[in-house]
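Heads up, the thing below is written out as structure tokens.
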Amino acid sequence: MADATTGCVLSAMGMVNALGRDPEESWPRLLAGDQSCFRVREDLVPGRRLLVAEVAGPLPAVPERLSAYACRNNSLALAAIEQIHSEISEALNIHGRDRVGVVIGTSTCGVSEAEAAIRVQVETGRLASAFDYAQLEYGGAASFVAELLGVGGPAYTISTACSSGARALVSARSLLALDVCDAVICGAADSLCGLTTNGFTALQAISETITNPCSANRDGLTLGEGSVMFLATRGAEGVRLSGIGESSEAHHMSAPDPGGAGAESAMRQALEDAQRAPEDVAYLNLHGTGTPLNDAMECPAITRVFEAPPLSSSTKPLVGHTLGAAGGMEAGFCWLMLRNAEAGELLVPPHCFDGEVDEALAGVPLAAPGMRAPVGAVMTNSFGFGGNNCTLVLELEAS
Amino acid sequence: MIGVAIQRWAAWSPGRSDSQAWKAWAAEPQPLVEEGAPDARFLPAMLRRRCSPLARVMLTAAFECCGESDRAEAPTVFASRHGNINESVVLFERLARREPLSPTRFSHTVHNAQAGLFSIAAGNRRGSSSIAAREDSFACGFLEALAFLQRTPERPVLLVVGDVPLSPTFAPLVEEARCTYAVALLLSRGAGPELRFERVAERREAGRLPWPDAVEFLRWYLSGEQRLVLSGPGGGWAWQRELPAGD
């Protein structure tokens, strides 16, 4: 039986976000630092023109037989799953449906559809008839995927705010190691809705411009949406989930511990779990939300863990903060970096901001467009509401 | 099959708060009470005020289940089918009327609010997961707890499962036993009477038990019966006792 540290390979990945309908579309735009995907929405927060990273164009429809699950969140998930459908079918054939599991991270599910249903109720006294509770309840995100694909193994949703997507991969690795599953469809989906846009507005956490992580002028995050789905298996060729670090903050529901102890602990654990030294890390994908508090906590935590921090970037100025999907999405970008390495070098997504580095955050090298790093381990940070931290290390399966 | 031991347990439902009351219930089980809330006096007043009814119930079981060191040192899994959806409904109604949201109320609608509050109240900095799996939320929570034991076998993990009756807005859409409850289990590898846990082909008819799965598990655990099978939509789960029951 494979052990925990060698046992989990992310053998296929599909994604959809504001940069593109699939990696072929989004990867070149990510590397180019293309910020043209942000749009203004005036219908989300009353009286505010809100900049968001929305997925443009029509999404695949949830099949009629699963209409109880029909919501934007599940259509985003479906768009990502369709890209790895043949790999999933193959895994179901090889292992049998009962040995394949599903773990999905989300913070929204069908909140948007529930909002619409309740708008109708406030006006007419009855919920909108198209609404089904399966759209809204968190568990619906996983059972939709399981029913869609005919998966018979365990299927559950993880919802730990902005670390949900990263945690889904963590659980997938453990389900393989526990020998409960031989393959796990794991990933995340999150969709723009009134609750999150108005909630973060109330927290005064949304930037007036496209988010500016690590800038002296940063004033908040920019929300996005999307989905990423992986097929996690044992032993196949691909990208290995080699390190996991997890911690809680014991501090505050919506603000990180300014000391960054939780973030630091998650990064150290992930390195230890991957049996890697700090200098083995070639790239770090920052949580980098662009809120004053996050970046002020994260960057010093990095410089404590890494004597010479690796080349780093936040990809949130490119796809927005996709909340429950963010940890998975950013693991997806790391996956693309490893899979698309050229001549022993990783192509690094640039850190797009106004260029005015906050001096208090100095010491973390922020990637400019076109930069490369020698192939090595890559790390991604996710820090969620409720003080839920998760750091992942990914690397290429040693050949 | 995965071996696991239950080091301690605790549960709360209106009118039943200690182990004696639950043992009496298990000997003569009956449907649980719908509404009620624990006083949760162990929480500092400021945190207690912020707790949703669900958070009060789940934190009460969690604190009761752990001594001080486990409370601070155990990784945690919080499993709930509905989570804080009742709190979200209030915000959905405000949004429908185009009213602004309270930042505090918004941050307490997240599914991991219970986990966050527990971490703050207990000073717990370990990893934590919050899950939901429709009718299968207890078994999947149990599995998620085993996932923590897989990663850190030396450290007992605290599983807390609970729900409160769904708001009248959505309640007519869901068929289930309506009650307020939380069950907390401190799970470990290797100490105490061992249970074996596995995925099985057996399935139970949907619709089913007059109380939630976690409470049925507790009834079984206290009963001395050899084997328990629970199932959600996808398949079944079996727990089997390795040793005869004994206190």
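Those protein sequences? They're chains W and D, same order as listed.
Okay, so the first sequence: first residue is 2 according to this note's numbering, each after it adds one.
Okay, so the second sequence: first residue is 254 according to this note's numbering, each after it adds one.
From the three backbone atoms N, C-alpha and C, an ideal C-beta is built for every residue, glycine too.
For the pair aspartate 355 of chain W and asparagine 213 of chain W, the CB atoms are nearer than the 7 Å cut-off.
Cβ-Cβ distances below 6 Å link arginine 277 of chain W to Ala378 in the same chain, with the five nearest sequence neighbours on each side left out; the list follows chain order. Contact between alanine 189 of chain W and glycine 15 of chain W is absent: CB atoms are separated by about 12 Å, not below the 8 Å threshold. In the DSSP assignment, glutamate 447 of chain D falls within the beta strand (DSSP E) that extends over 447-453. Short of 8 Å from the beta carbon of arginine 305 of chain W, and not among the five residues preceding or following it, lie these beta carbons of its own chain, in chain order: Gly261, Glu265.
Look at cysteine 393 of chain D: its C-beta is under 7 Å from a C-beta on chain W. Proline 64 of chain W and cysteine 194 of chain W have their alpha carbons spaced roughly 22 Å apart.
Shown here for glycine 58 of chain W: same chain residues with a beta carbon closer than 8 Å to its own, the five before and five after excluded, namely Arg22 in chain order.
In this structure, cysteine 9 of chain W and alanine 233 of chain W form a Cβ contact; the two beta carbons are roughly 6 Å apart against a cut-off of 8 Å.
At the C-beta level, alanine 271 of chain W and isoleucine 245 of chain W come within 7 Å of one another. Under the Cβ distance rule, glycine 487 of chain D counts among the residues neighbouring chain W, one pair being separated by less than 7 Å. For phenylalanine 386 of chain W, the C-beta contacts it makes with chain D under 8 Å involve Ser360, Val363, Asn365, Gly369, in order along the chain. Using a CB distance cut-off of 7 Å, proline 318 of chain W does not count as an interface residue toward chain D. Secondary structure note for asparagine 286 of chain W: its beta strand (DSSP E) is the uninterrupted segment 282-286. Within 9 Å of the CB of alanine 386 of chain D, the CB atoms of chain W belong to Tyr139, Gly140, Ala143, Ser144, Pro155, Ala156, Tyr157, Thr158, in sequence order along the chain.
The straight-line gap separating the alpha-carbon atoms of alanine 54 of chain W and tryptophan 262 of chain D is approximately 46 Å. In the three-state scheme derived from DSSP, where H, G and I count as helix and E and B as strand, alanine 131 of chain W is classed as coil. For leucine 440 of chain D, the enclosing beta strand (DSSP E) covers residues 434-441. Buried is the label assigned to arginine 452 of chain D, since at least 16 other Cβ atoms lie within 10 Å of its Cβ. Rounded to the nearest whole angstrom, the C-alpha separation of proline 297 of chain D and arginine 40 of chain W is 44 Å. Per the Cβ contact rule, the region 241-258 of chain W is not in contact with the region 356-376 of chain W (fewer than 3 Cβ pairs under 8 Å). A buried status is given to isoleucine 338 of chain D, since no fewer than 16 other beta-carbon atoms sit within 10 Å of its beta-carbon. In the three-state reduction of the DSSP assignment, threonine 304 of chain W falls in the helix class.
If you check each beta-carbon in the region 156-190 of chain W against every beta-carbon of chain D, the ones closer than 7 Å belong to Ala156, Tyr157, Thr158, Ile159, Ser160, Thr161, Ala162, Arg168, Ser172, Ser175, Leu176, Ala178, Leu179, Val181. Separation of alanine 368 of chain D and alanine 344 of chain W (C-alpha to C-alpha, rounded to the nearest whole angstrom) is 45 Å. Linking glutamate 280 of chain W to threonine 381 of chain W through their CA atoms gives a straight-line distance of about 15 Å. Within chain D, the residues placing a beta-carbon under 7 Å from that of arginine 120 of chain W are Ala349, ordered along the chain. Contact of alanine 278 of chain W with chain D is not assigned, every C-beta pair being separated by 7 Å or more. Look at the beta carbons and you see the region 219-229 of chain W not touching the region 137-152 of chain W: under three pairs across the two are nearer than 8 Å. Around alanine 400 of chain D, the beta-carbon contacts reaching into chain W at under 7 Å are Ser172, Ser175, Leu176, Leu179. No residue range can be given for asparagine 218 of chain W, since it is assigned to no beta strand (DSSP E) and is classified by DSSP as neither H nor E. Separation of glycine 477 of chain D and arginine 494 of chain D (C-alpha to C-alpha, rounded to the nearest whole angstrom) is 8 Å.
A check of alpha carbon separations from serine 12 of chain W across W:Leu242, W:Asn74, W:Asn286 identifies W:Leu242 as the nearest. In this structure glutamate 388 of chain D is buried. Its beta-carbon is surrounded by 16 or more other beta-carbon atoms within 10 angstroms.
Note: glycine 256 of chain D is bridge-paired with D:Arg449 in the DSSP secondary-structure output.
According to the DSSP assignment, phenylalanine 231 of chain W belongs to the beta strand (DSSP E) that extends over 227-234.
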